[in-house]
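Written below as C-alpha cells is the structure these notes are about.
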Amino acid sequence: MTSRFHNPVDTRFGWGSIELLADLTEGQKVALVIFPEARALGLVERIQTILGERLVCVIEDVQPNPDVAQLRGTYERFWREAGDCHTVVAVGGGSAIDTAKALIVGTEGGCFDELLALLASGESFVPSRCKRLIAAPTTAGTGSEVTPWATLWDADNQKKYSLHLDCTWPTVALIDPQLMMTVPASVTVSTGLDALSHALEAIWNHNANPISDTFAVAAIEDILECLPQLHNDLANPELRSRMALAALKAGMAFSNTKTALAHSISYEMTLRHGLPHGIACSFTLPLVLGLAWGRDATRDRTLQRIFGPELDAAQARLRAFLHSLAVKTEFADYGVTTDEAQAILEAAIHGARGQNFIGSTAARA
Ligand SMILES: NC(=O)c1ccc[n+]([C@@H]2O[C@H](COP(=O)([O-])OP(=O)(O)OC[C@H]3O[C@@H](n4cnc5c(N)ncnc54)[C@H](O)[C@@H]3O)[C@@H](O)[C@H]2O)c1
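Sequential numbering from 0 applies to the sequence shown in numbering that gives the first Met the number 0.
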C-alpha cells in the first residue's frame, strides 16, 4: 500500500527565528494576534520593532480556549479596523493561533454569526476572503502552527466547533524556542502532555502510516525523556528547544492523521469539568493505550517500539510518567463517577475524532 504525507506549511525552526518576520512580511500590512501576558514580557514591543510601520493592528485580549461569546467582538473589530491587511501574525499558544485562524476567514458581511452558521452546518465552504497566516507558537504543545484546525468553544451551549479549511493552514510556521522560555510550569506540563497525546493518537489511528509514525515515535521518545527534566529546569534553553521540536514533530504526525479517542474524551472533560486542554487529553492515555493494544498488528508493532512487548508494563510506564508530573490518571480523580465515565467513553468513541481510533472498528460496524 502507498503511504501519503502532505503538509503545506513552510516551517522554520530555530532560536531567534522570530526575527524572520521582517523578511516574511516585506511590503505587507500586518495584524498581530498575541497572548495577553506578552506586553508585560516585552514581546509586543519586540515584534513592533521587527515589523515597524507594517503593523496596523494588535489584538492581545486572547482568551484561553477561544470562546464564540468573546470572539464575536474581536472578529468584527478585526474586519472593521484591519480588513485591508495582507497577513495575520499569530504569536502565542494554541488559543492565540486558533483565534487568528478564526479571524482570517472572512464572511460576506464581516459578521461573526455568518461564520458560526457555516460552522454549525458542518459543511465545508469556501470563504469569500481569507488572509495569509504566519503562526509562531509560544507554547510547546498544540501543533496548531502546522495544522489547519482551530477549536472554537461555546461554553454557554456546552459545544465546540472545529474550523478547518484549505486557507486555515498557516502559510508559514516560525518555531522559536526562545519565545517559550517564559511559559510557567503548569502550562509547560499541560502543553507538553497535549503534544504527547497528539503523537500517541497519531499512532492508534485508522489514518496512520509509516511516515506519520516516524514523526510520532520520535516525538514520544523525546517527550518521555525531556518533559520531566524541563519541569525541574524551566530556564534551560536546550530542554526548551527539545520540547519545541518534539511538539512540532507531534503536530506534523497528527496534521495527517487527526486526533482520536483521548481527544474525543477531552472535549467533554474541558466543557463540563473545566480541565485544561493538555490535561483533559492526556489523563486517559494509559486507559486508551489498553483499548488500542491488540487491535492491529502494525499499530502494535509501532507502540511496542516505544513501550516494549508487555501491555501492563507499557500502561504502568505511562501512568508513572503522568504521576511524576502530578497529573492524576483516573476519572474519579476529577469527580467523574464510573457510570458517567462509561457514558463519556461511549459518546467519545462515536464522535468524529473517536471514529479515527483503531478500537472504534467494532463500534463502526
Ligand atoms: N488547532 C489545533 O490543532 C489545536 C491542537 C491542540 C489544542 N488546540 C487548542 O489550543 C488551545 C490551548 O492552547 P495552549 O495549550 O497552547 O494554551 P494557551 O494558548 O491557552 O496558553 C495557556 C496560557 O499560557 C499563556 N502563555 C502562552 N505563551 C506564553 C509564554 N510564552 N509565556 C507566558 N505565558 C504564555 C497564555 O496567555 C495562556 O494564559 C485550546 O483552545 C485547544 O483547543 C488547538
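In this text, a Cβ means the ideal position worked out from N, Cα and C, and glycines have one as well.
Since the model is a prediction, treat every value here as computed from it, not as a measurement.
What is the residue span of the beta strand (DSSP E) that Pro65 lies within? Looking at the DSSP string, Pro65 is not in any beta strand (DSSP E), and its letter there is neither H nor E.
Where does Asp50 fall in DSSP's three states? Strictly speaking, residue 50 in this sequence is Leu, with Asp absent from that position. For Leu50, the secondary structure class from DSSP, reduced to helix, strand or coil, is helix.
Which stretch, first to last residue, makes up the alpha helix (DSSP H) that contains Arg300? Where Arg300 is concerned, the enclosing alpha helix (DSSP H) starts and stops at 296 to 306.
Under the three-state DSSP convention, the category Arg363 falls into: For Arg363, the predicted structure reports a pLDDT of 41, less than 50, and the residue's modelled location is therefore unreliable. The matter cannot be settled from this model.
Distance check for Glu144 and Ile210, CA to CA, integer angstroms please. Counting only the Cα atoms, Glu144 lies some 19 Å from Ile210.
Arg3 versus Leu115, Arg239, Asn255, residue with shortest Cα-Cα distance: Scanning Leu115, Arg239, Asn255 for the CA closest to the CA of Arg3 turns up Asn255.
Between Arg128 and Trp78, what straight-line distance do the alpha-carbon atoms span, to the nearest angstrom? Near 11 Å, if we compare the C-alpha coordinates of Trp78 and Arg128.
Looking at Trp148 and ligand 1, is the gap between the Cβ and the nearest heavy atom below 7 Å? In terms of side-chain proximity, the C-beta atom of Trp148 is found nearer than 7 Å to a non-hydrogen atom of ligand 1.
DSSP three-state label for Asn204, please. Strand at Asn204.
Same chain only: Cβ atoms within 6 Å of Arg294, ignoring 5 sequence neighbours per side: Excluding residues within five positions, the ones whose Cβ falls inside 6 Å are Ile357, Gly358.
Using only the heavy atoms of ligand 1, determine whether one of them is closer than 7 Å to the beta carbon of Leu23. False, no ligand heavy atom lies under 7 Å from that Cβ.
Considering only residues of the region 155 to 210, which uninterrupted beta strand (DSSP E) runs meet the minimum length of 3 residues and lie entirely inside it, listed in chain order? The region 155 to 210 contains these whole beta strand (DSSP E) runs: 158 to 163, 171 to 174.
Would the C-beta of Glu200 count as close to ligand 1, meaning under 7 Å from any of its heavy atoms? Because no heavy atom of ligand 1 lies under 7 Å away, the Cβ of Glu200 does not count as near it: no.
Please state the DSSP three-state secondary structure of Glu18. Shown here, Glu18 sits in a helix according to DSSP, grouped into three states.
Mapping the DSSP letters down to three states, classify Ala351 as helix, strand or coil. Ala351: coil per DSSP, three-state reduction.
Would you mind reading off the limits of the alpha helix (DSSP H) that contains Arg318? Element bounds for Arg318: 310 to 323.
Using DSSP with H/G/I as helix, E/B as strand and the rest coil, what is Gly289? For Gly289, the three-state secondary structure derived from DSSP is helix.
CA nearest to the CA of Asp332, picked from Leu290, Arg300, Phe282: Taking only the C-alpha atoms, the option nearest Asp332 is Phe282.
Any idea if Val125 is buried or exposed, counting beta-carbon neighbours within 10 angstroms, 16 or more meaning buried? Per the 10 Å Cβ criterion, exposed.
How would you call Gln314, buried or exposed, if buried means at least 16 neighbouring beta carbons within 10 angstroms? Counting Cβ neighbours within 10 Å, Gln314 comes out buried, since at least 16 surround it.
Going by DSSP, what residue range makes up the alpha helix (DSSP H) through Gly277? Counting along the chain, Gly277 sits inside the alpha helix (DSSP H) bounded by residues 276 to 279.
Quick check on the DSSP output: the beta strand (DSSP E) that includes Leu103 runs from which residue to which? Reading off the sequence, residue 103 comes out as Ile, not Leu. Note, Ile103: premise wrong, no beta strand (DSSP E); alpha helix (DSSP H) at 93 to 103.
What is the C-beta distance between Leu178 and Pro65, in whole angstroms, given that I count them as a contact (C-beta under 8 Å)? Under the criterion of beta carbons closer than 8 Å, Leu178 and Pro65 do not qualify as touching, at roughly 19 Å.
When we look at the beta-carbon of Pro308 and count the other beta-carbons within 10 Å, is it buried (16 or more) or exposed? It is exposed - the Cβ of Pro308 has fewer than 16 other Cβ atoms within 10 Å.
Between the region 72 to 89 and the region 103 to 111, are three or more C-beta pairs nearer than 8 Å? Because the criterion of three Cβ pairs below 8 Å is met, the region 72 to 89 and the region 103 to 111 touch.
Beta-carbon proximity of Phe34 to Leu247, cut-off 8 Å: In this structure, Phe34 sits away from Leu247, with a CB-CB distance that is not shorter than 8 Å.
Which partner residues does Cys129 have in the DSSP bridge list? The partner list for Cys129 (beta bridge, DSSP) reads Val104.
What whole-angstrom Cβ distance do Arg352 and Ser263 have, given they're in contact under 8 Å? With 8 Å as the limit, Arg352 and Ser263 qualify as a contact, their Cβ atoms being about 4 Å apart.
Return the Cβ separation of Ala172 and Ala198 in integer angstroms, given the expectation that the two are a contact with Cβ distance under 8 Å. With 8 Å as the limit, Ala172 and Ala198 do not qualify as a contact, their Cβ atoms being about 17 Å apart.
Integer-rounded CB distance, given that Trp292 should sit under 8 Å from Leu310: About 5 Å separates the beta carbon of Leu310 from that of Trp292, a gap short enough to meet the 8 Å contact definition.
Is Val216 helix, strand or coil by DSSP? In the displayed model, Val216 falls within a helix according to three-state DSSP.
Which one of Thr73, Ser161, Ala207, Ala259 has the shortest CA to CA distance from Ser196? When each option's Cα is compared against that of Ser196, the closest is Ala259.
I need the boundaries of the beta strand (DSSP E) containing Arg11, first residue and last residue. Bounds of the beta strand (DSSP E) holding Arg11 are 9 to 12.
Any heavy atom of ligand 1 closer than 7 Å to the CB of Pro176? Flag unset: Cβ of Pro176 not near ligand 1.
Can you determine whether any heavy atom of ligand 1 sits closer than 7 Å to the C-beta of Pro65, and answer yes or no? Checking every heavy atom of ligand 1 against the Cβ of Pro65, one is found closer than 7 Å.
Might you give, ordered along the chain, the residues of its own chain that have their beta carbon closer than 7 Å to the beta carbon of Gln443, omitting 5 neighbours on each side? Any answer about residue 443 is impossible in this case: the structure gives the chain only from 0 up to 364.
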